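Protein chains in written order, with my numbering: chain A, 562 to 726; chain B, 41 to 851. Each residue gets a CB set at the ideal place from its N, CA and C atoms; glycine is no exception. Since this is a predicted model, take the numbers as computed values, not measurements.
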Amino acid sequence: MSRGEQRPQDFLGGLAAAARGMGVVIKQVFRPDVTERYPQQIDEPPPRSHIGRHLLNRYENGLEKCIGCELCAYACPADAIWVEGADNDPENPVSPGERHAKDYQINYLRCIMCGLCVEACPTRALTMTHAYEMAFTSREDAIFTKEQLLEPPLPLGTAPGTQEG
Amino acid sequence: MTQEAVTLTIDGKEVTVPKGTLIIRAAEQLGIEIPRFCDHPLLEPAGACRQCYVEVEGQAKLFTSCTATVAPGMAVRTQNSSEVVHEAQVANLEFLLLNHPLDCPICDRGGECPLQDQALAFGPGESRYVEAKRTFEKPIPLSPLVGLDRERCVLCARCTRFCDQISGDRFIELFARGAGERVSIAAGEDFLSPFSGNTIQICPVGALTATPYRFVARPFDLSSVDTVCPHCSAGCNVKLDVRRGKVVRHLARDNLDVNDAWLCDKGRFAFRFPDDERRVTIPLLRDRGLEPTSFGEVMDAIGDWSRGKRVAFLTGGRLADEDAYALSKVARTAFVTNDLDHRREFAGGEAERLAAVAVTDRALSVTYRDVERAKAIVVAGLDAEQEVPILHLRLRKAARRGARIFVLNPRRTRLWDVAEHVLCRPGQEAHVLEQIVDGEGGDSGVGRAADALREAGEAGVVLAGMRLAEHPLAADVALRAARRTGARFSLVPRRAGDKGALAAGVHPRLLPGGRRVDDPGERAEVEAVWGELKNVVPGRNAKQILEAAANREIDVLFLVGVDPLRDFPDARLARHALENVPYKVVQSLELGSLEPFADAFLPAAAFPERDAHFTTWEGRAQRIRPVRGPAGLSRPDWEIFAGLARAMGGSLGFESLEDLQEESVGLLSPRAFSGGASAWVGAGAPQWIDELTLFTYPLLVDEGRLSEGASELKAALEEKPFLEIHPVDADKRSIADGGEVRVRTQAGQAVVPVRVTPDIAEGSVFVPFNQPGLAANTLLSGRFTAGATVEAVAAAEAAADPERLTVGGGP
């Protein structure tokens, strides 16, 4: 059979195939959309997710749970955590007991979000949050200080770098 | 004498050990690990922790292997082969952990804790104890250096046994019995032993912790290097721990040939000087003020100033061996001068030359082992605890092994309980030693020392401290006493670099290897390596250099790791000298009080930043290793000297440390001492024209440069200035203990608190050399002794006196 010559049944079969194909397309058009319109529209992650930035917790009386023991730093496979311990002033304690964290830093250029630090923490001082928005414009910004880590994360969509323009 | 051997089996393996060996040591030889807490190889057995249970066949009860000695045919079974032993060890660990708090996350020992390790390896994993744990007040500061946490203590008694058996400073003890037993100290007392830090290191839990290291780091934070302590000539092996480039801790390393497992508190806690904020790490050159510049520029400037000029070098005692060699060479070749000196005391004589020669004659060298095994020891002019602390511990160890020790010193030392002291007025040492040589003295301490030395023969040791160097003959007489009795002899310098500097020839009369500069034969051996020396006339010693400088006979003065204003025993002469030299080059870690005088500053690398050697008082060269790179632009001293040689248009002939070591090894290698006995006319009984003799030496912890930043150490051990006087002398002057006195010498005067004590020779008074508020060198005129008068100061006068605790300028 030479090129250009088509039999009628081939033509009909082709039409049917095209119709089936278009059917898939049309079905997809009316299916619900899975694309998130981030950052114009932000979906909250599930409430117990721990996919983002760390948080240093406090007890209800305001004392820090962190005792500066450095076990998180020891557990960290990426060497992202820096802790310096110090004595608690008995009159004005930062945390219960003898020791507190004088300095606590996490470098998010190194952190791989594995959560081993959270597992290592003997006082549940360190947990992870849902705040996955971590875009930085300098290396310094990527290193979170103790003050930053003690603050609950900003609502999603308000972190720097999430606004358009 | 061969020791009887005993053969036994442990876990079915046969081992043969000397009679009297403990089972735990025999097991170690087989590589079998028995858990233990109280056992320490250098302490007497205690059997306190009960962890090291083993089963001995035929015995009903378990044995503690750290207290039981081996017996022939004994069949020992450890936890490896006996279920009973395993169960007993698990039960004992559970028992030890009953009251042990689970505060490992905040404990300084966490991560390097024998209790943690052994609970993991041998422990039950879980405790059945549910009641409340025993609590104590904590932490209790035993001293500004040592904190005690009684809750963590397992009552192994290592710390108290150390204080009892090793240091002899029995400050701490186990108080009470039963459940209330605890380590404690007499009320109101501080744990003021200069060896207190060792109790922290041997504590098998975190019960004793070091205040300067409290909550500073975790073991995994640290990079470590095995090096040698730079603080004195003892040469203790230390491990230096650094966190992020900052030195945070010194620990003792085990070396049975040097420091056993111990370290003094200065070596342990004075570690902050390389990170001190006053340190300068950039070259400076005086323009309007001292301006930062580059090494090239400052070297060129020094070269321009020095060419063809009269140059002199003064150094401190902290130069490493390689630096001292490079200095000796650069001074003599590039600067053509023999005016260089590292000493502050001016002994000269045969004994010093002998110390400079690395002797091959065994009878004339002393090691720590010789001290340990000696039967009779004479310590002359040396306060070992304050000057070479680890030697002090060795002397105590020798005493425990039965040695008879005699101390010839103007002041009683802390060997008081194990040694017989012969207190003699400074200047009298030579005369007293002469009596030992002649075997006079009868039934006095001197006579007994002479007899003991004679009986000991080869097992006798004579140690001459730097106080003997004050007297032109004393060290030589000590050497003669050793030779006469067959004892071994050593001159014990104080500072880490002293022995190396002497051997390298940082000395006006001596070239490397103790070769005399004016002896053509000996000089030729050096010239074969260095090339011809143009200046063959012996140079000036440190005192003469300063005098010449004050008389404007020196154009360029190099101050290498030394501050004459503080270190030299004549503050006024030092100031005159600095004021009258046109060009002063300071090479050090910092400027300090030399800032107004320095015309050029060369920053030197500190000891944790470089590779080199320090030679101990025994003559043992030990390597120091870098744990970080040189701070800022600083360089090792030998590199600076090599640069100076280039700036002078020459070359030292080595570009690397290896080249330097290769070149120097021939000149510094051991050789026999040639050159017979020095001309010696009897010292004779000294006649004193002065009313009292004031003498001084630096105490262990003072205002020295290397103690900078060690605030806890100073709070614990640094004493306020004081003057010691004998009760007889005090009575004559109606001086009461605890009052204040005015001391006058030719050079100056001072008002200081007084201690009336029989622990000092009659006719002498002591002030420490460099305590806060009293620089004793303002009372001195070039020697560490001076004629003095002392008078009581009425309390009212003292209060009104503006010069209180300070030193006036005039006589």
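Note that the C-beta distance between V546 of chain B and L746 of chain B is not below 8 Å. Interface flag for F255 of chain B against chain A is set, since a Cβ pair is found closer than 8 Å.
DSSP, reduced to helix, strand and coil, places S346 of chain B within a helical segment of the structure shown. According to the DSSP assignment, D607 of chain B belongs to the alpha helix (DSSP H) that extends over 604–607. The residues L280, D281, F311, R312, P314, D315, P648, V667, in chain order, have a CB closer than 8 Å to that of V287 of chain B in the same chain once the five nearest residues on each side in sequence are set aside. Residue environment for S804 of chain B: buried (at least 16 other C-beta atoms within 10 angstroms of its C-beta). Annotation note: the region 364–415 of chain B contains the following uninterrupted alpha helix (DSSP H) runs of length 4 or greater, listed N- to C-terminal: 389–396, 408–413. Under the Cβ distance rule, I240 of chain B does not count among the residues neighbouring chain A, no pair being separated by less than 8 Å. At least one CB of chain B lies nearer than 8 Å to the CB of L632 of chain A. Per DSSP, the unbroken alpha helix (DSSP H) holding N132 of chain B starts and ends at 123–136. Annotated three-state conformation of A86 of chain B is coil, per DSSP. Not a single CB atom of chain B sits nearer than 8 Å to the CB of E712 of chain A. Look at F260 of chain B: its C-beta is under 8 Å from a C-beta on chain A. Of the candidates A:L687, A:P657, A:N618, A:Y693, the residue whose Cα lies closest to the Cα of A647 of chain A is A:P657. A Cβ-Cβ contact shorter than 8 Å links F176 of chain B with R190 of chain B. With 16 or more other Cβ atoms from the protein chains shown falling within 10 Å of its own Cβ, G467 of chain B counts as buried. Between Q91 of chain B and N132 of chain B, the C-beta spacing is below 8 Å. Residue-level contact by beta carbon fails for Y599 of chain A and chain B, as no gap is shorter than 8 Å. Linking A527 of chain B to T109 of chain B through their CA atoms gives a straight-line distance of about 36 Å. For P767 of chain B, not one C-beta of chain A is nearer than 8 Å to its own C-beta.
Within the same chain, L185, G237, P252, A750, E752, L753 come within 7 Å of F309 of chain B by CB-CB distance, once the 5 residues on both sides are set aside.
With respect to A490 of chain B, G479 of chain B sits close: the two C-beta atoms are nearer than 8 Å. Taken in chain order, the complete alpha helix (DSSP H) segments of 4 or more residues contained in the region 768–810 of chain B number zero; there are none. Among the residues of the region 657–683 of chain A, those with a Cβ less than 7 Å away from any Cβ of chain B are G658, E659, R660, P683, in the order of the chain.
Linking G187 of chain B to C627 of chain A through their CA atoms gives a straight-line distance of about 23 Å.
At a cut-off of 8 Å between beta carbons, Y620 of chain A makes no contact with chain B. Nearest CB-CB separation between I225 of chain B and chain A: not below the 8 Å threshold. The residue from B:P578, B:I775, B:V566, B:L62 with its alpha-carbon nearest to that of P548 of chain B is B:P578. Secondary structure of I642 of chain A (DSSP, three-state): strand. DSSP places V595 of chain A in the coil class of the three-state scheme, outside both helix and strand.
L463 of chain B is positioned such that its CB atom lies no closer than 8 Å to that of V517 of chain B. Classified as buried, M114 of chain B has 16 or more neighbouring CB atoms from the shown chains inside 10 Å of its CB. The C-alpha of A636 of chain A is placed about 36 Å away from the C-alpha of P270 of chain B. Scanning B:A826, B:V96, B:T200, B:A216 for the CA closest to the CA of D209 of chain B turns up B:T200. Within the region 231–258 of chain B, the runs of alpha helix (DSSP H) at least 4 residues long that lie entirely inside it are, in chain order, 237–242.
Within the region 145–174 of chain B, the residues whose Cβ lies closer than 7 Å to some Cβ of chain A are P145, I146, listed in chain order.
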